[in-house]
Amino acid sequence: VELLHRWPAAGVGVLRRRMLQKGKEWEELQPGLARTWVETYDKGRDKALDHRSFYFKQSDKRHFSGKQLTLEMRQSLGVGPSTDGTGAATAVRELSSEAEAAAREAAAKAE
143 VELLHRWPAA GVGVLRRRML QKGKEWEELQ PGLARTWVET YDKGRDKALD
193 HRSFYFKQSD KRHFSGKQLT LEMRQSLGVG PSTDGTGAAT AVRELSSEAE
243 AAAREAAAKA E
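Residue numbering for the sequence shown follows the numbering used here, starting at 143 and increasing by one per position.
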């Protein structure tokens, strides 16, 4: 460093060669590093999207469960909750039989 301060013209050639060498090394390493970073980004993408991603996933799981979807279908059809306590399987059977009945009525009206 002291020599560069005393004779900058002498050090410029050495620095230029070294910088060109480092540039070539960097160009050779860059494609390999790009693959590594793409893999790293892909692995961490979901986690990095939002610091609340855990809560979003939990909320989605809750809102898209079979029980919740069945409840929403029942509400949209105007059918009350089942009182026999047999759960979602009974509700789905009831919904499918109600849908079949509605389809039969529509077909009868169309004729």
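Note that the Cβ used here is the ideal one computed from N, Cα and C, for glycine as well.
{"Item": "Residues in the same chain with beta-carbon distance under 7 Å from Lys251, minus the five sequence neighbours each way, listed in chain order, please.", "Value": "none"}
{"Item": "Since Gly153 contacts Leu146 with CB under 8 Å, what's their CB separation in whole angstroms?", "Value": "4 Å"}
{"Item": "Quick check on Val180: does DSSP put it in helix, strand or coil?", "Value": "helix"}
{"Item": "If we ignore side chains and look at the alpha-carbon of each, how far apart do Ala176 and Phe196 end up?", "Value": "28 Å"}
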